[in-house]
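A.B. asks: Take this structure, written in structure tokens, and hold onto it; I'll ask about it next.
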Amino acid sequence: MMKDPNCGYCVHGEPLAAFGIYICDLSVSSLYLFKEQSHPGRCIVAYKDHISEIVNISDEDRNAFFADVNRAAKALHAAFHPDKVNYGAYGDTGCHLHFHLVPKYKDEYEWGGVFAMNPGLKKLTDEEYAEMIEKIKANL
Numbered sequence: 000m001m002k003d004p005n006c007g008y009c010v011h012g013e014p015l016a017a018f019g020i021y022i023c024d025l026s027v028s029s030l031y032l033f034k035e036q037s038h039p040g041r042c043i044v045a046y047k048d049h050i051s052e053i054v055n056i057s058d059e060d061r062n063a064f065f066a067d068v069n070r071a072a073k074a075l076h077a078a079f080h081p082d083k084v085n086y087g088a089y090g091d092t093g094c095h096l097h098f099h100l101v102p103k104y105k106d107e108y109e110w111g112g113v114f115a116m117n118p119g120l121k122k123l124t125d126e127e128y129a130e131m132i133e134k135i136k137a138n139l
């Protein structure tokens, strides 16, 4: 497995704690709760290895990765009932293959527009994060 000692998805610890909380492993990826919760339920699905580009994994792993994204999205729909989930695949600053899953709700923050990467508007208590993670896990 390829790992980067500065990558939160690879090493967890302080690099991960800066933005997210580990939820669980999926088939070829891991699921994380994004700490900034302006969009209730926002998560990240990150590939198991420190790979930058989806073209650098096998077809089998690519298909499994998208199945993981789909599984996480279904859990978010069941747990939080968003009107839409937006998907963002970036990585020009953190070069680890990952997708942001951003639940959107009509008549709420940023409906009808592109989601802000890290608006810094809403952090939760440890108990609220734990409750949110349990809702997600119960629907995986």
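Numbering that gives the first Met the number 0 puts the sequence shown at residues 0 to 139. C-beta atoms are modelled at their ideal positions from N, C-alpha and C, and glycine is treated no differently.
1. Straight-line CA distance for residue 121 to residue 65?
2. On the criterion of 16 or more Cβ atoms from any shown chain inside 10 Å, does residue 28 qualify as buried, or is it exposed?
3. Could you tell me whether the segment 10-22 touches the segment 96-108, using the rule of 3 or more Cβ pairs below 8 Å?
4. Which whole runs of the alpha helix (DSSP H) in the segment 110-138 are 4 residues long or more, in chain order?
5. What whole-angstrom Cβ distance do residue 75 and residue 84 have, given they're in contact under 8 Å?
6. Here's a check: name, in chain order, each residue in its chain whose Cβ is nearer than 7 Å to the Cβ of residue 63, leaving out the five neighbours to either side.
7. Could you give the distance in angstroms between the alpha-carbon of residue 113 and the alpha-carbon of residue 38?
C.D. replies: With the structure as the only source:
1. 28 Å
2. buried
3. no
4. 125-137
5. 6 Å
6. 26 and 27
7. 12 Å
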